[in-house]
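In this note's numbering, the protein residues as written are 139 to 524.
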Ligand code: MG
């Protein structure tokens, strides 16, 4: 039995991971859970999985939760805040930590988990974008693996797992294109509801907005570059509206390998958790005759400015991707709150990125500082706009 700790257990990936675990019998034991503010769902998860440790964001919620656990006679220990996240990330009995926290807040617990020699299943792409090279270096030093949970990266991993890295010619990162790929609507007029209506994937709000601007694909290109140690100019984006081919890898001899399945996050989650084994199928099996048509298009970098910004930032490297990701998080937050228009997201990110002078550093604190600086700058721009 594999002992697993989950950071971000009440988010979309966390919920789907627990759902998968509950379908398997005696294969996984959940020993730690952390949540943001969804105390009711965390209570349900505690009742079902009886973890040793849980953590929630605020101290007030942790007090409520502690009382509740005592009343229920559960032995689960309750923590809160950053310290709580780090406790869940380093819990002694866990051999694997799945990080599905959204945003830069996931970086510190991720590093703690690696230092505590936990294998990592990573869905927190912002941490990899922020300081991916340092994370991968630390993982190597501690002899732990970082397994992708993002569907595209799981696909790439599955295509190259038995291959020599030197044989890779390029990566073809597929994208559904989001809700506006074919839309002629002016980006100014796109509402929050429009942007949240993703055609193929049901996900959390932040990633759904990132998918609508295609920033998600930009973040994923950087994530792929870091995870597989491939230069960004060897990573191409391919729009594929059916979301059946989750990504492809072209090799030196011209062979192209693709990983396909119906779009369902259970498969990449289960592969990361069970690797190197392949377990039973819990999703609808692929029926290509039923789907009948798979389409592929080149992306429109002019329409989706975030994609171009992400490639530019990746080429500059150093602290620049952290700045881009931090500014984007703030812009998305204000768009979701109805404070700024959709077309302002790339504009805000672009202004912040242009003001930053990237540095290459081996010190993690410089990446955290760059992210914080970017957030402050983005906040300032938004405040001037509203
Ligand atoms: Mg993805």
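From the three backbone atoms N, C-alpha and C, an ideal C-beta is built for every residue, glycine too.
Three-way DSSP call (helix, strand, coil) for residue i in this model
i           : result
residue 347 : helix
residue 281 : coil
residue 427 : helix
residue 291 : helix
residue 374 : strand
residue 519 : helix
residue 169 : strand
residue 307 : strand
residue 200 : helix
residue 388 : strand
residue 397 : strand
residue 495 : coil
residue 402 : coil
residue 508 : helix
residue 364 : helix
residue 333 : helix
residue 299 : coil
residue 328 : coil
residue 205 : helix
residue 383 : strand
residue 276 : helix
residue 524 : coil
residue 500 : coil
residue 340 : coil
residue 140 : strand
Among the options, the one whose alpha carbon lies nearest that of residue i
i           : options               : result
residue 470 : 485, 140, 271 and 458 : 485
residue 221 : 377, 480 and 173      : 173
residue 591 : 193, 456, 490 and 422 : Nothing can be reported for residue 591, as the shown portion of the chain is limited to 139 through 524.
residue 418 : 152, 141, 158 and 143 : 158
residue 163 : 175, 181, 187 and 196 : 187
residue 452 : 394, 412 and 370      : 370
residue 401 : 359, 169, 437 and 337 : 337
residue 407 : 211, 277, 288 and 243 : 288
residue 165 : 140, 182, 149 and 155 : 140
residue 374 : 313, 330 and 467      : 313
residue 152 : 347, 342, 448 and 425 : 342
residue 247 : 318, 170 and 155      : 170
residue 353 : 285, 497 and 449      : 449
residue 433 : 481, 458, 216 and 376 : 376
residue 307 : 379, 389 and 191      : 389
residue 197 : 523, 184 and 216      : 216
residue 395 : 305, 425, 329 and 468 : 305
residue 286 : 330, 414 and 318      : 414
residue 257 : 184, 144, 423 and 474 : 144
residue 385 : 392, 398 and 427      : 398
residue 358 : 231, 263 and 335      : 263
residue 219 : 322, 428, 193 and 522 : 193
residue 361 : 335, 267, 495 and 234 : 267
residue 393 : 301, 493, 232 and 324 : 301
residue 310 : 378, 329 and 339      : 378
residue 240 : 148, 331 and 438      : 148
residue 494 : 380, 454, 467 and 179 : 454
residue 478 : 446, 522 and 501      : 522
residue 437 : 446, 380 and 232      : 446
residue 212 : 441, 329, 184 and 501 : 184
residue 261 : 333, 272, 154 and 498 : 154
residue 150 : 480, 176, 412 and 387 : 176
residue 303 : 201, 474, 500 and 387 : 387
residue 230 : 431, 237, 190 and 238 : 190
residue 459 : 214, 422 and 271      : 271
residue 476 : 331, 245, 201 and 160 : 331
Cβ of residue i within 8 Å of any chain B Cβ
i           : result
residue 206 : Looking at the structure shown, chain B is missing, and only one protein chain is on hand.
Considering only heavy atoms of ligand 1 and the C-beta of each residue, which residues fall inside 6 Å, strictly closer? The answer, residue by residue, is 288, 289, 290 and 358.
Would you list, in sequence order, the uninterrupted beta strand (DSSP E) runs of no fewer than 3 residues that lie entirely inside the segment 207-274? Runs of the beta strand (DSSP E) inside the segment 207-274: 215-218, 234-237 and 257-260.
The segment 364-371 in contact with the segment 286-298 per 3-pair CB rule at 8 Å: Because the criterion of three Cβ pairs below 8 Å is met, the segment 364-371 and the segment 286-298 touch.
Whole alpha helix (DSSP H) runs in the segment 413-486 with 4 or more residues, listed along the chain? Entirely contained in the segment 413-486, the alpha helix (DSSP H) runs reaching 4 residues are, in chain order, 426-429, 443-454 and 458-474.
Taking one C-beta from the segment 459-479 and one from the segment 505-516 each time, how about it: are there three or more such pairs within less than 8 Å? Because the criterion of three Cβ pairs below 8 Å is met, the segment 459-479 and the segment 505-516 touch.
Whole alpha helix (DSSP H) elements within the segment 144-192, 4-residue minimum: Listed in chain order, the complete alpha helix (DSSP H) runs (minimum 4 residues) inside the segment 144-192 are 150-161 and 177-187.
Counting pairs of beta carbons, one from the segment 476-495 and one from the segment 514-522, are three or more of them closer than 8 Å? In short, these stretches touch, since the Cβ pair count reaches three.
Across the segment 248-256 and the segment 277-288, are there enough close Cβ pairs to call them in contact, namely three or more that are closer than 8 Å? Yes, the segment 248-256 is in contact with the segment 277-288.
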